[in-house]
Amino acid sequence: QVQLVESGGGLVQPGGSLRLSCVASGSIFRFAAMDWYRQAPGKERELVASITSGGSTNYVDSVKGRYTISRDNAKNTVYLQMTSLKPEETAVYYCHANYALYSYWGQGTQVTVSS
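Right under this line is the structure:
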């Protein structure tokens, strides 16, 4: 069983930055592909960024150049650095892990972009 705990969300002004963190329990973290998703009110959950166990990254077009996903296997942690945030990016951000046939989700952290 893997537990994921996100942190770092909060209220930020448009154009501001936040860094989200997701700490994973267990020993499989370094072998897992990790993702960040977000879900805005009334909308479907959306994949935002992914990082493979080898460190390859991928982003949804709308965040390319502004978001950076990274991982620290020694700390069992994946990060999402978000810059130039927009009000429409207000959402609950979820950490997700894929390992073998298993899929794990965190509880989410709220990000609100508002002046």
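Whatever position you read off the sequence shown (first residue = 1), add 9 for the numbering used here.
All C-beta atoms, glycine included, are put in the ideal place defined by N, C-alpha and C.
These numbers were taken from a predicted model, which means no experiment stands behind them.
Asked: Reduced DSSP category for R28 - H, G, I as helix; E, B as strand; rest coil; Found: strand
Asked: Neighbourhood of L13 by C-beta, 7 Å cutoff - its chain only, sequence neighbours within 5 removed; Found: C31, A33, C104, A106, Y113, W114 and G115
Asked: Neighbourhood of R75 by C-beta distance below 6 Å, restricted to the same chain and skipping five residues each side; Found: T92 and S93
Asked: Proximity test, M91 beta-carbon vs the ligand ZN heavy atom, cut-off 6 Å; Found: Of the ligands one can find in the structure shown there are none, so the ligand ZN has no counterpart to examine.
Asked: Local Cβ density within 10 Å of T118, reported as buried at 16 or more and exposed below that; Found: buried
Asked: L134, buried or exposed, once every other Cβ within 10 Å from all chains shown has been counted against 16; Found: Missing from the structure shown is residue 134; the chain here goes from 10 to 124 and no further.
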